[in-house]
Amino acid sequence: MKPNFFERVYLVVKRIPRGKVASYGQIAALLGHPQAARTVGWALHALASEPATDVPWQRVINHAGRITIARAGLDAAFQRHLLEEEGVEFDARGDVDMERFGWEGMDWAEVEALWRETGNE
DNA sequence: GCCCTGACTGCTA
DNA sequence: TTAGCAGCCAGGG
């Protein structure tokens, strides 16, 4: 039994290294659903209600390298601050250069290994 | 079990 | 280059 979609989103996000960012679509693709970007965003939204989380949600932004959490009533400036603390740079428009800071992702084999690590296989 | 919502994405005008 | 629109997926009520 695999962990549910939310759990899988969190597991993948936790694998994003410090100083790197990934897009919602990228996370969704790793989960086997390239079109489920909206669902990934929703999963992270749900995460916001859990202050004690150890999931680096701030490392997930949209495919254009732009922070869009303001749509969820959250603080985009705070997210930007967290990323800058990790070494991620923003340009004059407030966007992240995905060519420089974009996460390359992981192999499907690694993703499957994550499911096994959770003991839910 | 159905309908609605949502931190997105890609295409078209 | 920018704005608008439809598609997609999963969870909550």
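So the first sequence is numbered by the working numbering: it starts at 3 and just counts up by one.
A virtual CB, placed ideally from N, CA and C, is assigned to each residue, including glycine.
Among the options, nearest to residue i - alpha-carbon criterion
i	options	result
R20	H65, I29, D77, E86	E86
Bridge partner(s) assigned by DSSP for residue i
i	result
S25	I63
Helix, strand or coil at residue i [DSSP, three-state]
i	result
E123	With a pLDDT of 46 at E123, under the threshold of 50, the modelled position of that residue is not reliable, and no figure is offered here.
M3	At M3 the pLDDT is 46, less than 50, meaning the model places this residue with poor confidence and gives no usable figure here.
E9	helix
G43	helix
L49	helix
Distance CB(residue i)-CB(residue j) smaller than 8 Å
i	j	result
D97	A78	no
G107	L32	yes
H47	A24	no
task = Go through the stretch 66–114 residue by residue and report every complete run of the beta strand (DSSP E) that reaches 3 residues or more, in order.
result = none
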